[in-house]
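For what it's worth, the numbering used here labels the leading residue of the sequence shown as 2, then goes sequentially. The structure under discussion appears below in the form of structure tokens.
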Amino acid sequence: MRFLVIGGGAREHAIAWALAKANAEVVVASSNANPGLQHLAHASTRIDPTDKVRVVEFARAQGVDAAVVGPEAPLAAGVADALREAKIPTVGPNQDAARIESSKRFCRQLLAKHGVAGQPRFLIPQAVEEVDRAVGEFAGAPFVVKPSGLTAGKGVWVQGSDFTEPREGAAYAKSLLLQGGSVLLEEKLDGEEFSQMAFVTDSGVYPMPAVQDFKRAKEGNLGGNTGGMGSYSQRDHLLPFLSAAARNQALSMMEQAVGALRAEGFHYRGILYGGFMLTARGPLLLEYNARFGDPEGVNVLSLYEEGNFAELLLGVASGRVDPTLLRFRLRATVVKYLVPPGYGDRPQAGGVLELDAPAIEAAGLHVFYGSVEEVGPGRVRLSNSRGLAITAEASAIHEAGARVEGALKFVKGAYYVRHDIGTKEDLARRTEHIRQLLAPGAKPSPLPLSVAPPNAPPSSSASPEEMIG
Ligand code: AMP
Ligand code: GLY
């Protein structure tokens, strides 16, 4: 079976690696020459992965049996639609359904219209003049400002982390509106985040192990939001702070979201990624993505049992998944990204790393290549994006974390990595945070009373009907 993988990051390297282990041939369309993909691929082309015409031309020329779209931008550009029109089964929703990620406003209004539970309180000011009144509705409770469109995980401003005073958040919201964008204001949720991904196709929603991503650039969860500095998953596919009941609640919300899309006539064959916050009110939805997380996809793909991944993806692309193919091993995983110094703020591109990849693999770990360029044997040059995803497994998360730390001796050069990902201390802190939030008698976080209840349509926005379709 021959698969086209679209995209050139560590997530796509992991997808191609899992396909290759299932004896599939992989061809790659990406804008960069990812060294990991280059070594695996039977053929590759350097094109803009959002260029539908060229992607389809390449897929046809290569005679692929199926395609898998890695990043969000090609989905938002309609690349999956174009591949389907060319009769190529594709993992990745069409452009209209991919709005569940590419338009946060579409997503929130869709779920509100269909009464899907688990949304935080939100408001969608339509014009600069409406912002101050919307901010006033939070009645002094902290809030979050989100651009509606794609921002590679970097556009969201959270009060207390990215701004202090409500007027600063209001100014940011106004600047986004003035740039012609759409903006959401949401109550700030207190809790622990988790990523729940699932394969979604006509025959159902098929969950993967839960993962926790580390979004902030710096240790101790300081610094700006990034695409993700690393992530972990637990042996039982839950998380130290996440019970089976809470995970099932999140999965039920995902099933309802897929139902809401269907009810609007949008069919979905691809990956659905729910970003949730586990709060005192249960899991609440931060956002949906229409693809594997990066790095979360690396955790789960490294757990997929040898042999059947191509069949599984073909099932997703064709509308029917055989549930016996959902085989994720019962092991903990940790992924840490090596990034250029200054990443998250002022990344210094161009530094060269000396990497003994064979030694890392010999130790039983994996290196998935991100935005790096090969400049010689065992030498890669960092760009200003995330460079190398080093991945380990073990029975316990902290052991997998320690294994990644141990493998850093095989990489020489200037880079930044978050050493706190997957440490016992960090895990204990998160578990304690949730224990305190869920403790009987714990004071619930203050809720602004004047803001609409979770399922009501936003007060200062167009009606949901106007927005959908
Ligand atoms: P998003 O792109 O919506 O996932 O937002 C990026 C990051 O901002 C999330 O991973 C959270 O860390 C944070 N965030 C988003 N929405 C909220 C919220 N309502 N309350 C608290 N933090 C949030
Ligand atoms: N790691 C977050 C994302 O893939 O969106």
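Note that CB positions come from ideal geometry on N, CA and C, so glycine has one too.
- CA-CA distance, K147 to A30, rounds to 31 Å.
- Closest in alpha carbon position to R282, among L190, Q110, E362 and Q127, is L190.
- Linking A246 to L279 through their CA atoms gives a straight-line distance of about 12 Å.
- Out of D52, G8, S176 and E187, the CA that lies nearest to the CA of L38 is found in G8.
- In this structure, ligand 1 has no non-hydrogen atom nearer than 7 Å to the beta-carbon of P126.
- Under the criterion of beta carbons closer than 8 Å, A11 and G371 qualify as touching, at roughly 4 Å.
- For A171, the CB contacts under 7 Å within the same chain, skipping 5 residues up- and downstream, are V132, D133 and V136 in chain order.
- For P284, the distance from the CB to the nearest heavy atom of ligand 1 is not below 7 Å.
- The count of Cβ pairs closer than 8 Å, one atom from the stretch 392-412 and one from the stretch 372-379, stays below three, leaving the stretches out of contact.
- Relative to ligand 2, the beta carbon of P296 is positioned inside 7 Å of a heavy atom.
- Assignment of V201 by DSSP, reduced to helix, strand and coil, places it in the strand class.
- Per the Cβ contact rule, the stretch 82-91 is in contact with the stretch 48-58 (3 or more Cβ pairs under 8 Å).
- Restricting attention to beta strand (DSSP E) runs no shorter than 3 residues, the stretch 236-273 encloses none.
- Relative to the non-hydrogen atoms of ligand 2, the Cβ of N300 never comes closer than 7 Å to any of them.
- Judged by DSSP in its simplified three-state form, A397 adopts coil rather than helix or strand.
- If you keep only unbroken beta strand (DSSP E) runs of at least 3 residues inside the stretch 405-444, you get nothing at all.
- Rounded to whole angstroms, S196 and I422 show a C-alpha spacing of 15 Å.
- Here the alpha carbon of I398 sits roughly 26 Å from the alpha carbon of S386.
- Partner residues in the beta bridge of P208, as assigned by DSSP, are A199.
- Boundaries of the alpha helix (DSSP H) harbouring V299: E297 to L304, taken from the DSSP string.
- Under the three-state reduction of DSSP output, A350 falls in the coil class, being neither helix nor strand.
- In its chain, beyond the 5 residues on either side, V212, S232, S234, T334 and V336 have a beta carbon closer than 6 Å to the beta carbon of N300.
- Its Cα nearest to that of F215, the residue T227 stands out among L326, T227 and M209.
- Proximity to ligand 1 was defined by a C-beta distance below 7 Å to any of its heavy atoms, and the residues meeting it, in sequence along the chain, are K105, P121, V145, K147, G154, V157, V159, E187, E188, K189, L190, E194, K216, N226, G276, M278, L287 and E288.
- Set against 7 Å, the gap from the CB of G228 to the closest heavy atom of ligand 2 is smaller.
- Not one heavy atom of ligand 2 sits closer than 7 Å to the Cβ of D97.
- Between the stretch 111-125 and the stretch 172-192 there are three or more C-beta pairs closer than 8 Å, enough to call the two in contact.
- By the C-beta criterion, the stretch 312-332 is judged not to be in contact with the stretch 114-123, since fewer than 3 inter-stretch pairs fall below 8 Å.
- For S234, the uninterrupted beta strand (DSSP E) run begins and ends at G231 to S234, by DSSP.
- For D214, the CB falls within less than 7 Å of some heavy atom of ligand 2.
- Beta-bridge analysis with DSSP links K219 to L223.
- Contact check between the stretch 201-212 and the stretch 323-331: three or more CB pairs, one atom from each, fall below 8 Å, which counts as touching.
- Nearest to R382 by alpha-carbon distance, out of G402, G351, A363 and R236, is G351.
- If only uninterrupted beta strand (DSSP E) runs of at least 3 residues are considered, those enclosed by the stretch 121-188 are 144-148 and 184-188.
- If you draw a 10 Å sphere on the C-beta of R263, you find fewer than 16 other C-beta atoms in it, and that means exposed.
- When rounded, the separation of the alpha-carbon atoms in R347 and L223 is 15 Å.
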